[in-house]
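Going from the sequence shown to this note's numbering is simple: count from 1 and add 384.
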Amino acid sequence: MGDFISKVLKIVKKIPKGKTTTYKKIAIKLGNPNLARAVGNALNKNPNPIKIPCHRVVRSNGFAGGYVSGTTRKIYLLKKEGIEFEGEKILNCVVSNV
């Protein structure tokens, strides 16, 4: 696994249950806000989505965004953690500082 992917997964592992962060916030944490798409690509390589909760990473516009098991599954997991939605948009986006 590449160094960039390892760094992304290490950050995501720290997001607490019931909180979210954005692809862009992770990119900023890594030193370049333009790497948001690369963060998403790195999350697609997550070897253990249960241990590394990539479903907690959402789009900056409040929408759930993609997920390896599909957007419907991502929304289900987030709702289970107390995140409220209207359609695919998060209503009470509680953002974790990563």
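Note that the Cβ used here is the ideal one computed from N, Cα and C, for glycine as well.
Using DSSP with H/G/I as helix, E/B as strand and the rest coil, what is residue i?
i: residue 389; result: helix
i: residue 467; result: coil
Since residue i and residue j should fall inside the 8 Å C-beta cutoff, what is the C-beta to C-beta distance between them, to a whole number of angstroms?
i: residue 482; j: residue 404; result: Not really, about 10 Å apart at Cβ, beyond 8 Å.
i: residue 452; j: residue 433; result: 6 Å
Taking the alpha-carbon positions, what's the residue i to residue j distance?
i: residue 399; j: residue 470; result: 22 Å
i: residue 393; j: residue 427; result: 7 Å
i: residue 417; j: residue 388; result: 14 Å
i: residue 415; j: residue 458; result: 27 Å
i: residue 390; j: residue 441; result: 16 Å
i: residue 408; j: residue 446; result: 12 Å
i: residue 455; j: residue 468; result: 15 Å
i: residue 435; j: residue 463; result: 18 Å
Opposite residue i in the DSSP bridges: which residues?
i: residue 406; result: 442
i: residue 474; result: 469
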